[in-house]
Amino acid sequence: MAVPPQVLAIDLGTSGMKAALVAADGTVTGWAERPVPLRVLPGGGAEQDPVAWWDALAEVVADLGRDHPEHLRAVTTICSSTQGEGTIAVDAAGRPLTPCVTWLDMRGAAHLRRQFGGFPSYQGMSVFSLLRWLRLTGGMPSVTGKDPAAHMLFIRDEMPAIYARTASFLNVLDWINLKLTGRTVATVDSILTSWVTDNRKAGDIRYAPSLVAASGIDRDKFPPIVKCTEVIGTLAPGAADHLGLPLSVQVVAGAIDNTAAAVGAGTVRDDEPHLYLGTSSWIAAHVKRKKTDVAAGIASIPCAIPDRYLMTALQATAGANLTWLRDKIVEFDDPIVSAGHVSRDEGTIFDAFDKIIPSVPAGAGGVLYMPWLYGERAPVDDPHLRAGFLNISLETTRSDLLRAVFEGVALNTRWMTGAVNRFLGAPMSSLVITGGAARSSSWCQIFADVLGMEIRRDPRPVVVNARGAGWIGAVGAGMIKFSDISGLSANNEVFQPGSDRGRYDEIFEIYKCLHKQLAPVYKRLNQPTS
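Be aware that the sequence shown starts at -7, since it is given in this note's numbering, and climbs by one per residue.
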């Protein structure tokens, strides 16, 4: 049988570059990935090398070509999903002048306060500025400094020579698209956290002159805005050579990861939520109107579906807690893993954890874990919070600590669901779970028990962003419509709440008290030293 037209779906996350070949019906063929280092710097810095992304992309495409040559030859379209809220300064030739200042980077926080300070103020920023942002954009810059709005000011103030040479500030997605096509654009969702757009009409996202003027960044450094489904060009000669693909392959603008995941999860109907578990995590759902919950840090924002917004409630670190656990506490050759009979050749770290976690009763032997490794975004926006174990005793085992980490992330998600339910106007009763960390069946069951609701999982949750990019590309190329996607998705692995639900209700009441009592302590411990 002939191979149907394929979308080369790029999935660039914080952990690395991934790619897959996706048909219009959502069939994912092949999967290749390469890690890309994250450089954590003193003072809240977190950077990645854009050139390393581009080199890794060539490697994963080559892998796909070796394993699935017929499918790669059938590629007609490229579409990307990338991490969001990163910032790269590029010159007039499109060359990066800086590393990517990633979504974890907080060095711009003080610059943001200086740019937008004034009396009366809220969290160090002028109330008048906040009201204007909320009216036009539906949100506001994070006071943590983790948005491009702060990143650009950091570059302007700390690197004036670089700022003078900057032709455009690009988000991660925008830079990949520039490399693919030679065209400089931003999508309706990638430009969001520059906080300079008028988002009041979902189908007509545009720059707001008043916000651009107040931003402190020159107007000509902001790229033109396109829809996520727009065909922005065909492969530039250098990109075609780099990837080994024909010049005729078209490039659809694509989306940042939370936008793509909402499509890839199949949750395209109104108010249908999903929980994404990656390095960070979020609950998201497509909604009809622009709305903001300032206190909880939740907003509905521009997305891939032209007449809809995407409600997003972001948890700063979720799977990152497992990465920390894997890299700092447990390795594949560690006895705690080898006792589970899972080696590096036999399975993933999720397989190893899934052999250990069920052996520990709910409640992790009384140990509580707070998963705030790098601050928090929702339901509180607080850069000072940090992770911690509570109630360790002489009887505590490492297996208890492992389960406590899984439970802590789930408890934090439950903390967030209260605000999400208020935002949607009704309590969630079922939730699609997806993302790389959703491969852990034990964790999915813990989420069902802690949240007290049905959890539905796709058999291949790790490919959700790639599938989302594939479907966005297929819509842009005219292969399908967004309304077709619900019938194409298969969230058919179901986890129901079990007998541990009541135990977690008790633990959650304690968990809620921890933030209130510990937030002032974290603030004292983690204030900037200069």
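A virtual CB, placed ideally from N, CA and C, is assigned to each residue, including glycine.
So residue i is in the beta strand (DSSP E); what residue range does that whole segment cover?
i, result
"Q307", "Y301 to Q307"
"M9", "G8 to A15"
"F381", "G380 to L382"
"L423", "S422 to T426"
"H278", "S273 to V279"
"G246", "Q242 to I248"
"S72", "V67 to T74"
"I290", "I290 to P294"
"L394", "Run containing L394: none in the beta strand (DSSP E); it sits in the alpha helix (DSSP H), R390 to L416."
Can you tell me whether DSSP reads residue i as helix, strand or coil?
i, result
"C505", "helix"
"D263", "coil"
"Q40", "strand"
"Q(-2)", "strand"
"R448", "strand"
"D210", "coil"
"D319", "helix"
"L227", "coil"
"Y361", "strand"
"R99", "coil"
"V177", "coil"
"W23", "strand"
"D83", "coil"
"L269", "strand"
"Y514", "helix"
"I217", "strand"
With C-beta atoms as the reference, is residue i less than 8 Å away from residue j?
i, j, result
"G246", "T271", "no"
"L267", "I425", "yes"
"S391", "I348", "yes"
"W187", "T94", "no"
"I293", "V260", "no"
"Q(-2)", "H63", "yes"
"T179", "C220", "yes"
"F500", "R406", "yes"
"V486", "E446", "yes"
"V218", "L227", "no"
"A24", "V(-5)", "no"
"A370", "Q307", "yes"
"L393", "F345", "no"
"G100", "G109", "no"
Work out the CA separation of residue j and residue i for me, nearest whole Å.
i, j, result
"P29", "F146", "22 Å"
"A141", "L203", "11 Å"
"G462", "G380", "39 Å"
"P216", "S160", "10 Å"
"D3", "L386", "44 Å"
"A402", "Y496", "10 Å"
"R452", "L314", "19 Å"
"G236", "P91", "26 Å"
"L96", "A469", "33 Å"
"R449", "V372", "27 Å"
"P353", "T136", "37 Å"
"K138", "G76", "10 Å"
"Y155", "R148", "5 Å"
"Y366", "S432", "23 Å"
"N457", "P229", "27 Å"
"G332", "L56", "Only weak support exists for where G332 lies, its pLDDT of 43 falling under 50; the coordinates are left without a value."
"N163", "Q509", "37 Å"
"V119", "A253", "33 Å"
"M362", "I290", "21 Å"
Buried or exposed: which applies to residue i, given that a residue is buried once 16 or more other Cβ atoms fall within 10 Å of its Cβ?
i, result
"M132", "buried"
"N404", "buried"
"F111", "exposed"
"N191", "buried"
"Y514", "buried"
"Y114", "exposed"
"G5", "buried"
"A153", "exposed"
"G400", "buried"
"P201", "exposed"
"I168", "buried"
"M408", "buried"
"C505", "exposed"
"L239", "exposed"
"N484", "exposed"
"E39", "buried"
Taking the continuous alpha helix (DSSP H) assigned at residue i, which residues delimit it?
i, result
"I438", "S433 to L443"
"L30", "Counting along the chain, L30 falls outside any alpha helix (DSSP H), and DSSP gives it neither H nor E."
"M144", "P140 to E150"
"A466", "V456 to G468"
"V119", "V119 to L128"
Shorter than 7 Å, the distance from the beta carbon of residue i to the closest heavy atom of the ligand COA, or not?
i, result
"A418", "Only the bare structure without any ligand can be found here, which leaves the ligand COA out of the picture."
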